[in-house]
Amino acid sequence: MKKAFMILLILAVLTAAGFGSVKVVQASVEKSVIEYLINEKNIPEDQIVFSESFIANLPGDKNWMVSIRLKDDAKTYYYYRSSGKIVLESYTESGVEYVQ
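Here the sequence shown stands for residues -27 to -1, 1 to 73, where the numbers follow mature numbering (1 follows the signal peptide of the UniProt record, and there is no 0).
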């Protein structure tokens, strides 16, 4: 009984650690993208009305994407971080995707 409990406890800790590490990476990429837009592209923070990080199931750095919506802009932009740089991967407009 003790062994089964210990195995379940170890599995729970490993699962929580894996989930936690994914959330940390997502939050880090999202923060980097927002800072890039504000500092490099000179977009005021109040113009960013939506940002969400997600797993894109793409190879390499593109796996960690951030979607961005700007005030008075119908497009949704998709960014990722590669080698410390922020890259615009694509954007959608009226349901059509345009890859950069």
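Each residue gets a CB set at the ideal place from its N, CA and C atoms; glycine is no exception. None of the values given here were measured: they were computed from a predicted structure.
Work out the CA separation of residue j and residue i for me, nearest whole Å.
i	j	result
SER56	ASP34	9 Å
residue 122	LYS(-25)	Residue 122 lies beyond the range of the chain shown here (-27 to 73); nothing can be said about it.
GLU8	ASP46	19 Å
ARG54	VAL39	9 Å
ALA(-1)	ILE(-18)	26 Å
ASP19	GLU13	15 Å
Judging by CA-CA distance, which residue of the options is the nearest neighbour of residue i?
i	options	result
PHE(-9)	TYR51, GLU66, ILE28	ILE28
TRP37	GLU70, GLU66, SER5	SER5
PRO32	GLU62, ILE16, ARG42	GLU62
What three-state label does DSSP hand residue i in the structure shown?
i	result
SER67	coil
Let me know if residue i comes out buried or exposed under the rule of 16 or more other beta-carbons within 10 Å of its beta-carbon.
i	result
GLU3	buried
LEU10	buried
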